[in-house]
Every structure is written in C-alpha cells, then in structure tokens.
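>
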Amino acid sequence: LEIAVEPTRHTPTLHQWLQQRAKWYPSQPHAIPIPYNPLHIESPPPVPLPENLWGESWGFTAISAYDFEQTLPYEPIPLRYLPPDRMPSRLGLASTTPIPGIVVDAGRQAMALGQWIQANHPAWLSYLRGEPDGLILEAGLCDRWVFTTFSDPDVATAGQRFEQRKRDSGGLHFLLVRPDDSGMTTTGLWLLQQPLG
Numbered sequence: 003l004e005i006a007v008e009p010t011r012h013t014p015t016l017h018q019w020l021q022q023r024a025k026w027y028p029s030q031p032h033a034i035p036i037p038y039n040p041l042h043i044e045s046p047p048p049v050p051l052p053e054n055l056w057g058e059s060w061g062f063t064a065i066s067a068y069d070f071e072q073t074l075p076y077e078p079i080p081l082r083y084l085p086p087d088r089m090p091s092r093l094g095l096a097s098t099t100p101i102p103g104i105v106v107d108a109g110r111q112a113m114a115l116g117q118w119i120q121a122n123h124p125a126w127l128s129y130l131r132g133e134p135d136g137l138i139l140e141a142g143l144c145d146r147w148v149f150t151t152f153s154d155p156d157v158a159t160a161g162q163r164f165e166q167r168k169r170d171s172g173g174l175h176f177l178l179v180r181p182d183d184s185g186m187t188t189t190g191l192w193l194l195q196q197p198l199g
C-alpha cells in the first residue's frame, strides 16, 4: 500500500474508537476482568533539547481566543500546525478565554528550532515542578523533551498560571517560535492540546 507510518498522538478518531471498545469489551462473555487503558503508552524520561537548537529567550504568554483566531492564522508563518477542529471557536470556548502559550525568541536558530519541532510532531507542553522546574515538550508517539529549565520563583508562578489557563481552555495552548520580539517575522506556530482528565 506504500502508506507512510508516522508515530503521532494526533489521532482523535482512533482514541475515541479505542475508548468505546474499552467500555464495550468488559460486557462480552469471555472478557478477562483486568483494568485496561487503551490510550496508555509508556513514556520515557524527558531528554534535553539539543544544545544547537536552544533559543536566546522564551516566556509564558496568553492571548484571547478571539484575538488568536483573528490574527495568528493569517500571519505569513512558514511552519505551522493549526488544525481547524482545534480552533477555539470550534471547541466552544468563549471569545475572552485566554489561550496560553510559549513564545521562543530563537535568534539565528529560529528556523532550525522550528524545523526540529515540526519534524518531531509536537503534542503539548507542560510546566513541571522540580529541582529545577522545567518545561516539557511531549512529541511524537511518546517522546518527551526538556524544553527549558529554571529556578526563578516568578517564572514558576507564571508556569502555574500557564497550567491553570490550559485547564480553563480545555488543554488548548500554543507554541510560537520567532527570531526576536520585533514583531516583523514569525518562524513557527503550533496550536497544541493536552488531553485533560
């Protein structure tokens, strides 16, 4: 058939079908009564992002659902992942809902970082408390990358706010990579959604 096989978490129809089958199976006469989560995939510990891709700076941000939909999809951004079914209005979010995001000013590494992110099929970003705190990029089928680490209490507070906003937006958030904060160019934009629950 010459169908390319690609490890990805972006399979909502398959996820829905597997969850339906998991509910149906225990009612069958010869079902084996063991707990089973059809969506569970073992995840390895996160590994550091390759050093040659590190950006110059990054930060947490947020934009209203309305402003996100009215501006960013129309920008000339070479690398993008903006599935129509993931747009805030399609998810039923209020226009004033803050959509949290991560903005990376990557300097000359912007295109290399953007291409690396695109090739690794980003799924979602998570703030992780620890020593130090970190930002973890979940990608591919089960890959986990340490996007950055930090120990600044103000950044940790912003990370907690990022996670709260993610919950308030149904897991929806974005990752934006650009050379700098001049507003002239954007290299990549990914609209991501972490499953909640």
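Each number in my numbering corresponds to the 1-based position in the sequence shown with 2 added. Every residue gets a Cβ at the ideal spot worked out from N, C-alpha and C, and that includes glycine.
Could you round the C-beta distance between V148 and P48 to whole angstroms and report it? I think they count as a contact, below 8 Å.
Translated into positions along the sequence shown, residue 148 becomes position 146. Translated into positions along the sequence shown, residue 48 becomes position 46. Contact flag correct, Cβ pair sits at about 5 Å.
> With a Cβ-Cβ cutoff of 8 Å, do Q117 and L143 count as a contact?
Locating residue 117 in the sequence shown gives position 115, counting from the first residue. Locating residue 143 in the sequence shown gives position 141, counting from the first residue. Contact: no.
> Do you know whose CA, among D107, G103 and N39, lies nearest P181's CA?
Mapped onto the sequence shown, residue 181 falls at position 179. The residue with the shortest Cα to Cα distance from P181 is D107.
> Pick out the complete alpha helix (DSSP H) segments inside the stretch 6–91, 4 residues or longer, and give them in chain order.
You should have 14–26 and 67–73.
> Hey, could you find the ends of the beta strand (DSSP E) G190 is sitting in?
In the sequence shown, the residue the question calls residue 190 occupies position 188. Looking at the DSSP string, the run of the beta strand (DSSP E) that includes G190 is G190 to Q195.
> According to the neighbour-count rule (16 or more other Cβ atoms, all chains shown, within 10 Å of its Cβ), is T13 buried or exposed?
Stepping through the sequence shown from its first residue, residue 13 is reached at position 11. Classification for T13: exposed.
> At which residues does the beta strand (DSSP E) containing P102 begin and terminate?
Taking the first residue of the sequence shown as 1, we reach residue 102 at position 100. It spans P100 to D107 - the beta strand (DSSP E) in which P102 sits, taken as one unbroken run.
> Indicate the three-state DSSP secondary structure (helix, strand or coil) for D135 in the structure shown.
Numbered from its first residue, the sequence shown carries residue 135 at position 133. Looking at D135 - three-state DSSP - the assignment turns out to be strand.
> Cutting at 6 Å between CB atoms, please list the residues of its own chain near T63, excluding the five before and the five after it.
Taking the first residue of the sequence shown as 1, we reach residue 63 at position 61. Correct list, in chain order: G103 and V105.
> With 16 other CB atoms within 10 Å as the buried threshold, where does G57 fall?
Position 55 of the sequence shown holds residue 57. When all chains shown are included, G57 counts as buried.
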